[in-house]
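Structure record follows, encoded as structure tokens.
There are 2 protein chains.
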Amino acid sequence: MLAEIISIGNEILKGDILNRNATYLGKKLYEKGVAVTWMTSVSDDENMIVQAFNESDKRADLVLVTGGLGPTHDDVTKKAICQGWETTLEPNVEAKEFLLRRLEKQGRTMNVSQEKQTWLPAKGSILVNNYGTASGVFIQGKKARFFFFPGVPHEMQGMVEDHVLPYLKENHPDLVPRKETTLRTIGAPESSLYEKLDGLSWLKNTDVAFLPKIGGVDVIIKHTPESTPAQQEEILHQFRQKIGLHVYSEVAEEEIEETVGKLLVQQKKTLAVAESCTGGLLGHRLTSISGSSLYFQEGVISYSNEAKKRLLEVKEETLDKFGAVSEACALEMAQGVRRLGQTDIGISITGIAGPTGGTKEKPLGLVYIAYSDEEKSLCHSYVFLEPRHIHKQRSSQAALHLLWEQIKDEQK
Amino acid sequence: MLAEIISIGNEILKGDILNRNATYLGKKLYEKGVAVTWMTSVSDDENMIVQAFNESDKRADLVLVTGGLGPTHDDVTKKAICQGWETTLEPNVEAKEFLLRRLEKQGRTMNVSQEKQTWLPAKGSILVNNYGTASGVFIQGKKARFFFFPGVPHEMQGMVEDHVLPYLKENHPDLVPRKETTLRTIGAPESSLYEKLDGLSWLKNTDVAFLPKIGGVDVIIKHTPESTPAQQEEILHQFRQKIGLHVYSEVAEEEIEETVGKLLVQQKKTLAVAESCTGGLLGHRLTSISGSSLYFQEGVISYSNEAKKRLLEVKEETLDKFGAVSEACALEMAQGVRRLGQTDIGISITGIAGPTGGTKEKPLGLVYIAYSDEEKSLCHSYVFLEPRHIHKQRSSQAALHLLWEQIKDEQK
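Protein sequence lines correspond, in order, to chains D and G.
Positions 1 to 412 (this note's numbering) are the ones given, in order, by the first sequence.
Positions 1 to 412 (this note's numbering) are the ones given, in order, by the second sequence.
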């Protein structure tokens with residue numbers, strides 16, 4: 001089965017936005033064992049869109065189209081469908097009722113342009129959109145099957161789960177999903193992992209990709225169909241032996257805040273955080289996990305020295321003698337927030353995110369991160385030279401790394 | 001002049017990487033006044049690549065191709081050129097001498113795979129690569145002119161500056177660079193902006209794109225070369241009249257936390273935030289702005305009811321009678337954090353981010369956002385039906401929106 005992706009919208013061709021939708025769809029289909037061989041992006045021009053439909057219809061079996069389903073003048077996808085399939089737009093009862101219910105839940109009423117969105121090409125059928133106001137369309141071409149989705153990423157992604165994956169499962173049960181394992185690592189750069197893996201010279205029938213990200217490196221092990229399950233297991237075993245100390249998860253999408261969250265739930269421990277330079281990012285990441293209220297009690301964003309003293313009981317003399325960006329202050333913050341929240345663990349971050357504020361003794365990018373529990377308190381320091389927004393990301397990642405290091409061994 | 005972009009490489013179609021090259025080229029050409037109307041991405045398959053060349057040659061005047069010029073087995077672009085143009089690869093003296101000089105500078109010698117890269121299609125001519133080892137190729141199609149570049153982003157970008165821009169300047173001196181304005185809006189969906197703009201029926205010589213994002217809609221006004229500066233100013237004036245109430249900035253990259261930050265600095269006001277369901281995201285966004293310590297004092301992430309009572313002095317009876325997700329609680333949180341931080345303004349967020357925790361009276365997605373200053377306190381409620389991470393984004397955006405609404409008019 002050959003699949004193609006068509007992305008519609010001037011904003012893509014003018015370079016206003018990256019075409020993340022096409023990348024998402026390519027990856028999703030590849031994982032399911034479907035080869036995407038062609039991707040097309042076209043402007044909001046009805047004739048060009050029809051031409052793109054016709055060309056894909058000649059080459060492919062499955063075509064996923066995104067964009068141009070909204071209510072404005074440049075949303076011409078449905079008109080192009082009508083031209084290409086020689087049909088007309090008609091009011092769709094299901095789409096209208098669905099949208100009315102959705103708006104009602106939000107206490108809103110339907111306006112004219114929203115009603116326009118419930119008109120669909122007569123020869124197609126509706127793909128319900130549980131995530132927004134524009135319905136999708138399914139229609140059979142001369143050869144290929146076409147799925148049309150709005151271009152809003154989370155709507156499109158939800159609709160792919162709701163409509164395309166069930167379609168593939170039902171109609172192509174023979175598809176073999178690709179087997180790959182992602183080792184999510186933290187605390188070692190790509191070159192160091194590569195050395196620990198002996199340059200991969202021992203590896204057979206397997207592709208390996210290193211994907212460096214802000215918080216660590218993903219090592220993706222892609223097994224070729226020739227390797228047996230036993231061989232695959234042996235290869236994974238080797239990877240775990242060589243770099244396992246840095247692997248916090250083998251689930252591709254799992255962030256370290258999720259790993260840490262699971263450990264805290266298992267160990268029935270609670271947590272409070274005190275943040276200065278990260279300004280709430282650590283709390284945000286911890287509470288991005290559903291169920292985090294089981295362990296995350298509270299946080300203090302003590303941006304001013306005043307707040308550090310008043311809320312966290314950081315001593316005046318500590319601030320005078322060592323300053324707010326110091327090991328002593330970080331430790332008092334972690335201990336202070338633990339006491340404040342009466343939690344098992346306190347974590348703190350204090351540093352200079354930049355681009356201003358550095359001195360000779362305390363360079364831009366310096367950050368102290370402290371951990372405190374009933375038995376011990378400890379502090380690490382780092383210098384992250386990246387711009388402010390990356391500095392905040394790396395600091396929060398280092399805090400989660402420290403937390404993980406401290407609690408992971410209690411599992412064993 | 002119509003331009004197209006062809007991107008070659010399995011990594012794009014499998015979704016391993018975002019196609020940043022195509023976006024870069026689209027933007028670069030658009031700025032110079034060249035319309036890119038079609039983008040194609042194809043796998044490393046010789047026949048498919050030839051097909052893509054032929055189709056673009058029929059439609060376009062200028063085709064930029066990236067990728068597949070490297071030395072490995074999957075780099076088949078030059079073979080595809082030979083097939084498409086019925087020519088052969090021949091050693092290119094200029095390419096070889098250039099590469100030898102380049103390697104010599106680095107104290108290296110030429111290896112076999114590097115020499116292979118100096119063989120070029122006989123009917124084409126070399127595009128010198130000052131940034132890497134793979135030469136580019138220029139070749140005339142039946143209709144279009146083709147430029148081939150390696151896929152390594154900084155090499156391709158340098159070569160566009162060296163070869164494409166001078167080519168355009170020399171051969172198309174009549175091209176007019178584009179002028180565009182981005183209106184960043186908040187608080188109105190695309191359909192409502194469109195209605196307020198009377199469906200744009202009054203608009204001439206101008207393209208308008210609506211880019212919906214999680215926090216609002218960007219309205220991009222693109223003037224065509226036919227419009228005079230006076231006409232352009234008049235059109236902007238019309239937009240400001242019709243939807244100006246929703247426009248927080250006319251700077252393309254400016255987020256609302258930056259707009260709000262500037263207002264707070266100008267008005268010499270300070271701010272404290274109390275967050276429940278957003279878990280620190282609002283503080284994180286506010287402190288993403290360099291210089292935010294001038295106005296951002298502190299934040300409390302009061303995830304537990306205990307923390308709401310102890311830190312923010314939310315009344316026990318408020319929690320008993322109305323619950324933590326209520327207007328009364330949100331107001332007490334905003335007032336409480338303002339008192340705690342002794343700031344001019346307090347903002348609070350309390351809601352049910354999901355995916356669990358909804359009840360009949362308080363549906364999943366319900367969120368209360370309150371503002372408090374010396375003179376007044378007020379609260380808005382919303383229902384955001386999106387998944388947890390989007391819910392947090394939209395809630396923080398609604399809080400920044402409320403803050404902006406309250407302080408923007410003091411400027412006038």
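Beta carbons: idealized from backbone N, C-alpha and C, even for Gly.
Count the other C-beta atoms from every protein chain shown that fall within 10 angstroms of the C-beta of D:G107, then say buried if there are 16 or more, exposed otherwise.
-> exposed
Within this structure, are the beta carbons of D:P71 and D:Q140 separated by less than 8 Å?
-> Not in contact: D:P71 and D:Q140 (Cβ atoms no closer than 8 Å).
From the DSSP output, in three-state form, read off D:M1 for me.
-> coil
Are the segment 7-20 of chain G and the segment 28-41 of chain D in contact at 8 Å, needing three or more beta carbon pairs?
-> yes
Where does G:D218 sit, in a helix, a strand or coil, going by DSSP?
-> strand
On the three-state DSSP scale, how would you describe D:H172?
-> coil
Within chain G, the residues that D:V34 reaches when beta carbons sit closer than 7 Å = At a beta-carbon threshold of 7 Å, none of the residues of chain G lie near D:V34; the nearest stands roughly 11 Å away.
Could one say the Cβ of D:L2 lies closer than 8 Å to chain G's Cβ atoms, at least one of them?
-> no
Can you tell which of G:V65, G:L366, G:I345 has the C-alpha that lies nearest to the C-alpha of G:V42?
-> G:V65
Cα separation between D:I214 and D:N129?
-> 33 Å
Is there at least one Cβ from chain G nearer than 8 Å to D:G346's Cβ?
-> no
D:W85 - partner residues in DSSP beta bridges | Note: D:W85 sits in no beta bridge, so no partner.
Could you tell me which uninterrupted alpha helix (DSSP H) segments, each at least 4 residues in length, are contained entirely in the segment 227-290 of chain D, listed from first to last along the chain?
-> 229-243, 256-266, 281-286
Identify the contact partners of G:R388 in chain D, using a Cβ-Cβ distance below 8 Å as the criterion.
-> S288, S290
Endpoints, the beta strand (DSSP E) within which G:P212 is located | 206-213
From the beta carbon of G:K412, is the nearest beta carbon of chain D less than 8 Å away?
-> Confidence is the limiting factor: at G:K412 the pLDDT is only 49, short of 50, which leaves the residue's position unreliable and the question unanswerable from this model.
Is D:V273 closer than 8 Å to D:I347 when the C-beta atoms are compared?
-> In this structure, D:V273 lies closer than 8 Å to D:I347 by Cβ.
Per-residue DSSP class, three states only, for D:Y167 | helix
Confirm, please, whether the CB-CB distance from D:Y368 to D:S381 is below 8 Å.
-> Yes, the Cβ-Cβ distance between D:S381 and D:Y368 is below 8 Å.
DSSP bridge partner residues for D:S125 (one or two, in chain order) | For D:S125, the pairing in a beta bridge is given by DSSP as D:F138.
Does DSSP classify G:I347 as helix, strand or coil?
-> strand
Are G:H401 and G:I235 close, meaning C-beta to C-beta below 8 Å?
-> no
Could you tell me how far apart the beta carbons of D:A144 and D:L62 are, in whole angstroms, since I believe they sit closer than 8 Å?
-> 6 Å
What are the residues of the segment 92-122 of chain D that lie near chain G, defined by any Cβ-Cβ distance shorter than 9 Å?
-> R102, K105, Q106, G107, N111, V112, S113, Q114, K116, Q117
Which same chain residues, not among the five before or five after D:A95, have their C-beta less than 7 Å away from its C-beta?
-> T118, L120, I126, S135
Select from G:H391, G:S7, G:I289 the residue whose C-alpha is nearest the C-alpha of G:F147.
-> When only C-alpha atoms are compared, the closest one is G:S7.
If you drop the 5 nearest sequence neighbours on each side, which residues of the same chain put their C-beta closer than 7 Å to that of G:V325?
-> T350, G351, I352, K362, L366, Y368
So what does DSSP say about G:G68, is it helix, strand or coil?
-> DSSP, reduced to helix, strand and coil, places G:G68 outside both helices and strands of the structure shown, so it counts as coil.
What residues in its chain sit with their C-beta under 8 Å from that of D:A330, if we drop five residues either side in the sequence?
-> S348, I349, T350, Y368, I369, A370, C379
Endpoints, the beta strand (DSSP E) within which G:A370 is located = Its beta strand (DSSP E) spans residues 366-372.
Bounding residues of the beta strand (DSSP E) (the contiguous stretch that carries D:S302) = 296-302
Taking Cβ-Cβ distances shorter than 7 Å, what residues in chain G pair up with D:F296?
-> Y303
Look at the alpha carbon of G:Y248 and the alpha carbon of G:E298, and state the distance between them as a whole number of angstroms.
-> The straight-line gap separating the alpha-carbon atoms of G:Y248 and G:E298 is approximately 25 Å.
Compile a chain-ordered list of the residues in the segment 22-51 of chain G whose CB is closer than 9 Å to at least one CB of chain D.
-> A22, T23, Y24, L25, G26, K27, K28, L29, Y30, E31, A35, V36, T37, W38, M39, T40, S41, V42, S43, D45, M48, Q51
Can the beta-carbon of D:S372 be found less than 8 Å from the beta-carbon of D:T278?
-> It is not a contact, given that the beta carbons lie outside the stated cut-off.
Nearest-angstrom Cβ-Cβ length linking G:A328 and G:T318, presumed shorter than 8 Å | 5 Å
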